[in-house]
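Heads up, the thing below is written out as structure tokens.
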Amino acid sequence: MKNTRKISPELQSTNTGQGMHRDTSMNKFTTMSTVRTPAFHKAGTMRTPTQRWGMAILERKSYAGLMSFITLYCLFADDFRAAFFSKSADMGFYAVAFVCLLLFLVEFAISCRCKPGYLLSFYFYLDVIATLSLLPDIGFIWTPLTSADTVSSVSKAGSTAGRIVRVVRVIRLIRVVKLIKWKHSNAESELVIVESKTGGRMAEMTIRRVALIVLFLCFVLPAFDGGYNESFNLFESRGFDLIHQMVDTPLTVYTFDVTNPKPGFATPKFELDKRGKEVQVPVDFENDAEYKEIREGLDPAFLEAASNGVELYLHGDWRGAKMAFNQALELRPGDGPVSHVMSYMKSFDYNAPHDWEGVRDLDGY
């Protein structure tokens with residue numbers, strides 16, 4: 001009697017000339033031929049010529065190598081530019097970054113159109129973030145988007161820059177994960193045996209979990225060392241903070257802080273308040289140890305004469321200030337601060353300007 005048992009589709013040979021034989025020990029049908037390797041991964045079965053064309057481009061080794069090189073360039077190019085090139089070279093780097101952005105957009109469009117299951121998948125969102133992360137590296141695009149007149153404080157700008165740097169580092173890590181995705185995809189395309197649906201899902205979930213865990217740690221770890229609460233990154237911003245205070249503080253403050261405690265001049269000192277914001281604190285010249293030590297080397301009569309001259313100078317009585325400062329210079333000839341103010345008043349023939357308000361802007365500061 002003829003055996004009518006059906007042969008499973010997976011074991012059917014595509015070559016009709018190859019015969020089947022019966023395994024009497026197992027009572028099952030087996031094939032003598034090797035299972036033909038599918039043209040694409042089972043999960044990526046093509047349906048249209050356009051999809052086949054797009055996947056052929058994405059799986060081409062030359063294209064994958066080009067995109068891998070571009071991704072590595074995007075990882076380090078901006079730091080390399082800031083470290084080794086002058087500002088005049090910025091536009092060249094911006095142009096290259098813009099070309100990289102266009103290539104990423106082309107790859108993203110082809111993947112959305114031709115790769116089955118890609119749209120709204122895990123790697124879809126990963127590629128969206130990785131592509132948008134190129135915008136801060138393109139100055140002629142990023143600068144108009146972020147320019148704001150309200151950001152005028154250096155402390156505020158330093159705090160904002162610190163947070164932006166942390167976010168950019170996390171986004172750059174996403175680009176590294178994108179490289180891992182390419183390697184994983186190429187390894188899948190070279191498999192001879194099609195993996196099962198369960199195995200594919202488990203491998204995909206493992207990659208997603210590793211990527212999410214790493215990104216989660218990047219956000220969480222700075223919280224343990226106070227990174228999110230600091231107004232300044234001390235390593236990167238301390239020098240800039242010092243330069244800012246020296247340039248933006250008028251020299252008249254440093255001129256009279258020792259010789260004139262009465263008008264209340266003070267060398268700026270700063271401290272952090274409860275919210276972590278930098279605020280200026282007043283200085284008590286009478287009791288501050290630093291200024292006591294400085295005043296000990298000065299003649300009290302000179303301090304008194306200079307103090308009277310400063311008070312008259314602030315109130316606009318420059319004729320009287322001239323007399324007081326001349327008395328101070330007799331006690332301490334060539335004193336720098338007093339001589340500086342005298343030369344300034346002399347340029348106005350010792351007559352205060354009509355709009356004099358007690359202070360003046362220093363040219364070049």
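Using the UniProt record's numbering, you'd call the opening residue of the sequence shown number 1 and step up by one each time. C-beta: ideal position from N, C-alpha, C; glycine also.
If the criterion is Cβ atoms closer than 8 Å, does the pair residue i and residue j meet it?
i: Phe302; j: Ala321; result: no
i: Phe85; j: Leu134; result: no
i: Met67; j: Cys114; result: no
i: Phe325; j: Gly309; result: yes
i: Ala77; j: Ala64; result: no
Is the Cβ of residue i closer than 8 Å to any Cβ of chain D?
i: Pro337; result: Given the protein chain composition of this structure (a single chain), no chain D is represented.
If I measure Cβ to Cβ from residue i and keep anything under 8 Å in the same chain, skipping five residues before and after, which residues do I get?
i: Gly358; result: Leu314, His315, Gly316
i: Tyr118; result: Ser111, Cys112, Phe124
i: Leu120; result: none
i: Asp90; result: Arg81, Gly139
i: Arg47; result: Pro116
Alpha carbon to alpha carbon, what distance is there between residue j and residue i?
i: Pro58; j: Cys100; result: With the sequence shown as reference, residue 58 is identified as Leu, and Pro is not the correct amino acid for it. Approximately 16 Å between the Cα atoms of the pair.
i: Asp79; j: Arg52; result: 39 Å
i: Trp318; j: Ala289; result: 32 Å
i: Pro333; j: His354; result: 31 Å
i: Asp349; j: Leu298; result: 29 Å
i: Ser111; j: Gly276; result: 46 Å
i: Leu217; j: Arg208; result: 14 Å
i: Glu331; j: Asn351; result: Per the sequence presented here, residue 331 reads as Leu, with Glu not at that position. Rounded to the nearest angstrom, the two C-alpha atoms are 25 Å apart.
i: Val338; j: Lys292; result: 20 Å
i: Leu212; j: Cys74; result: 21 Å
i: Phe124; j: Gly92; result: 30 Å
i: Lys87; j: Met323; result: 51 Å
i: Glu204; j: Thr71; result: 22 Å
i: Val220; j: Val214; result: 10 Å
i: Ser62; j: Thr198; result: 31 Å
i: residue 393; j: Lys274; result: Residue 393 is absent from the structure shown; the chain starts at 1 and stops at 365.
i: Thr50; j: Pro116; result: 12 Å
i: Phe122; j: Val106; result: 19 Å
i: Leu145; j: Leu102; result: 19 Å
i: Glu296; j: Glu311; result: 22 Å
i: Trp356; j: Pro300; result: 29 Å
i: Ala83; j: Ser307; result: 49 Å
i: Arg60; j: Val210; result: 27 Å
Which residues in the same chain have their Cβ closer than 7 Å to the Cβ of residue i, if we skip the five residues on either side of it in sequence?
i: Tyr94; result: Ile138, Gly139, Phe140
i: Phe108; result: Asp127, Thr131
i: Ser347; result: none
i: Ser343; result: none
i: Arg201; result: none
i: Thr206; result: none
May I ask you to list the residues that DSSP assigns as paired with residue i?
i: Leu272; result: Glu278
If I measure Cβ to Cβ from residue i and keep anything under 6 Å in the same chain, skipping five residues before and after, which residues do I get?
i: Met345; result: Trp318
i: Trp142; result: Leu135, Pro136
i: Ala305; result: Ala324, Gln327, Ala328
i: Asp363; result: Bear in mind that a pLDDT of 48 at Asp363, under 50, signals an unreliable position, so the model cannot answer this.
i: Ala161; result: Model confidence at Ala161 stands at a pLDDT of 44, short of 50, so the residue's coordinates are unreliable and nothing is read from them.
May I ask whether a heavy atom of the ligand HEM can be found less than 7 Å away from the beta carbon of residue i?
i: Phe80; result: You won't find the ligand HEM in this model; it holds no ligand whatsoever.
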